[in-house]
Every structure is written in structure tokens, then in C-alpha cells.
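K.L.:
Per the numbering used here, the sequence shown starts with residue 15, numbered consecutively.
The beta carbon of each residue, even a glycine, is placed where N, CA and C say it ideally should be.
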Amino acid sequence: MEYSFQPFAVSAKQPNLDKTEKTYMAEVKRACREFGVEISCLNLDYAVDVLDKKSSKQFLQMLSKLSLVADASGCERLSIAVKAGGNGAWRDAVEEVLNQAREITVDKALRMTMRLSTPQEFRGQSLKHWRAFEPQDWRDMVAVCPGLSLSFSPADCVWLGIDYLTILSGLVNAIDYIIAHDIEINRDLQSDSGLYGPLWWRYRRPGKGQVDWRQLLELLKLYEFTGNVSIHLDDEFIGDDVDDIGDALTSSVKFLAPLLKG
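1. Please report how far the alpha carbon of residue 89 lies from the alpha carbon of residue 159, in whole angstroms.
2. Can you tell me whether residue 118 is helix, strand or coil according to DSSP?
3. I'd like to confirm the pairing. Which residues does DSSP put opposite residue 191 in its beta bridges?
4. For residue 25, count neighbouring Cβ atoms within 10 angstroms of its own Cβ and tell me buried if that reaches 16, exposed if not.
5. Between the Cα of residue 55 and the Cα atoms of 124, 97, 71 and 109, which residue gives the shortest distance?
6. Which word fits residue 64, buried or exposed, when buried means at least 16 other C-beta atoms lie within 10 angstroms of its C-beta?
7. Below 6 Å CB to CB, which residues in the same chain sit around residue 131 once its five sequence neighbours on both sides are set aside?
8. Near residue 142, which residues of its chain fall below 6 Å by C-beta distance, leaving aside the five closest residues on each side in sequence?
9. Taking the straight line between their C-alpha atoms, what separation do you get for residue 72 and residue 94?
10. Identify which residue in 197, 148 and 162 has its Cα closest to the Cα of residue 247.
11. Measuring alpha carbon to alpha carbon, tell me which of 108, 265 and 275 ends up nearest residue 218.
12. Where does residue 267 land, buried or exposed, given buried means 16+ other C-beta within 10 angstroms?
13. Does the beta-carbon distance from residue 120 to residue 96 come in below 8 Å?
14. Which residue wins for smallest C-alpha separation from residue 87, given the options 238, 116 and 52?
15. On the criterion of 16 or more Cβ atoms from any shown chain inside 10 Å, does residue 50 qualify as buried, or is it exposed?
16. Compare the Cα-Cα distances from residue 137 to each of 258, 188 and 249 and report the closest residue.
17. Taking only runs of the beta strand (DSSP E) that begin and end inside the segment 213-260, which ones reach a length of at least 3 residues, in chain order?
18. Starting from residue 16, trace the beta strand (DSSP E) in both directions and tell me its first and last residue.
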């Protein structure tokens, strides 16, 4: 199970958990043990702009707070996002901010993973409004921040035009997490409006899009991948009520489970 946090304010210079928060987290940890549930990841849904000092400061403060939440809940992984940039100043800044973040997570013996799916605030937006990462960006970030792993999104590779099967061999040692959502591309809209026109792709649940999950998972087995495969239900055709979400989750599990065996 994952849990995602929207951006939040942190007032103290040294974030801490108050008595109420500690009590609540202890109850969460107890409930997880009772029902056999593992919190595999806490996601910070905030793409830090490493060239902006205020954004970087807020990001590090939120990460400090979440490291305490992760420690108290028994979660071992924090997932982060970075706003892409393309110049030398960005590369220097991302190295500095990522290593400051690494110090926070290492202090609590947590793993830090970089989400390669579209940042939450850019979903539904045309590419004219934001810049996507390219594979060399992924490699550069892993190279400058020891211990940083990747949360890999094959669905995003599809709309970016990246062959997720071919590229896997050079990245698999850094991949700790697979984001299992699918992708549907409207080729007519893309052909009519181009890459920077109205949004021409959308997420779907696993098995309802263009990702070849059988080939991907067989390849991961070949590479002896031991990380997590996490189902994401970012699909506009799934209703908001509990029954609809439950049905979509059950359907996704039935689709992926046989492919994960062996």
C-alpha cells in the first residue's frame, strides 16, 4: 500500500511529531500488523524546483516531516519528484538538493526513490506548460546521489516515445519500484495538434492501455528484479465511490497476478 501527501506547511525549523500524531501513527502501525498490510511507500506529491531556493527549502522541510511519519509507521521508502530542467545550473542544483534530501532519509534508514511518472501538478496539462525528463536525466540523478533509486513508469515511457523494454537493461539496477498504470494515446489528436497541442494521452488502469505487461514482467524476472510492482488507478473511467475503486483494484490484481508468478 502507498500513501500520498499533497504539499503541506511545516512551521518548525526542526519538524517533529506531536503527541496526537505519534498516537495516530502508532495506531496505523498496529492496524497494519493486524491486517497484514505493508506501507511500501510514502509519496510526496510535490515536484521541487531545485533552482528556486524557497521551493527547495519547502521540499526539504516536508521531506523531514515525512521521514518522521515513515519511521513511526514502519514504512521504509519515501518517493519524491523533481521539476525537470535542462542547463548546467539545474544539474548542479539538483545534485545539491538531492544529496541534502539523502541526508534526511539516511538518518532514518529510509530509501529514497525518484518517481518517473508525470508529477501530480502537471497531469492534464499540455507539454507546452512543462518539460518532461529524458533517460539521461534519470541516469545523471542516480549518478550524483548515492542510494537514490528509480520508481519506473513504463506508461510514461510510451507517450515519451521511449522503448521501455530496450532501455531496461541499463536502468534495472537502479529501479526499486514499478508504477503499474497503463497509457492510452489518442493518435488522431496527436497527429492533428502535435506534441504541444491539447493533451493527447491519458493514464488507464493496468491492462487497459498500450503497455505490454507480459513482456515487461518477464524481462524483469530475467533481470532478477526484487522490488515492488504497485498498482495505480489513475483512470478517468473509474468512479469515485469505494465500490468502483474496489472493483478496479480487483480487476487490476487479476490481470497482473498471473503475470507476476514464476
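P.N.:
In brief:
1. Translated into the one-based positions of the sequence shown, residue 89 becomes position 75. Translated into the one-based positions of the sequence shown, residue 159 becomes position 145. Roughly 21 Å between the two C-alpha positions.
2. Position 104 of the sequence shown holds residue 118. Here residue 118 sits in helix by DSSP.
3. Taking the first residue of the sequence shown as 1, we reach residue 191 at position 177. DSSP, once it has assigned bridges, lists 165 and 242 as partnering residue 191.
4. Counting from one through the sequence shown, the residue named residue 25 turns up at place 11. It is exposed - the Cβ of residue 25 has fewer than 16 other Cβ atoms within 10 Å.
5. The count along the sequence shown starts at 1 and reaches residue 55 at position 41. Selected option, being the one with the closest Cα: 124.
6. If you number the sequence shown from 1, residue 64 lands on position 50. Burial of residue 64 is indicated by the presence of at least 16 other C-beta atoms within 10 angstroms of its C-beta.
7. Indexing the sequence shown from 1 puts residue 131 at position 117. Excluding sequence neighbours, residue 131 sits near 167, 170 and 193.
8. For this step, residue 142 is matched to residue 128 along the sequence shown. Result list for residue 142: 210, in chain order.
9. Taking the sequence shown and counting its residues from 1, the one referred to as residue 72 is at position 58. Taking the sequence shown and counting its residues from 1, the one referred to as residue 94 is at position 80. Straight-line Cα distance between these residues: approximately 13 Å.
10. Translated into the one-based positions of the sequence shown, residue 247 becomes position 233. That would be 197, whose Cα lies nearest to the Cα of residue 247.
11. The count along the sequence shown starts at 1 and reaches residue 218 at position 204. The candidate whose alpha carbon is nearest that of residue 218 is 265.
12. In the sequence shown, counting from the first residue as 1, residue 267 sits at position 253. The residue in question, residue 267, is exposed, as its Cβ has fewer than 16 Cβ neighbours within 10 Å.
13. Here residue 120 refers to the residue found at position 106 when the sequence shown is read from its first residue. Here residue 96 refers to the residue found at position 82 when the sequence shown is read from its first residue. No. Outside cutoff.
14. Working through the sequence shown from its first residue, we reach residue 87 at position 73. Measuring from the Cα of residue 87, the nearest candidate turns out to be 52.
15. Indexing the sequence shown from 1 puts residue 50 at position 36. That one is exposed.
16. Here residue 137 refers to the residue found at position 123 of the sequence shown. Comparing Cα positions, the closest option is 249.
17. 215-218 and 242-245
18. Start at 1 with the first residue of the sequence shown, and residue 16 comes out as number 2. Here the beta strand (DSSP E) through residue 16 covers 16-19.
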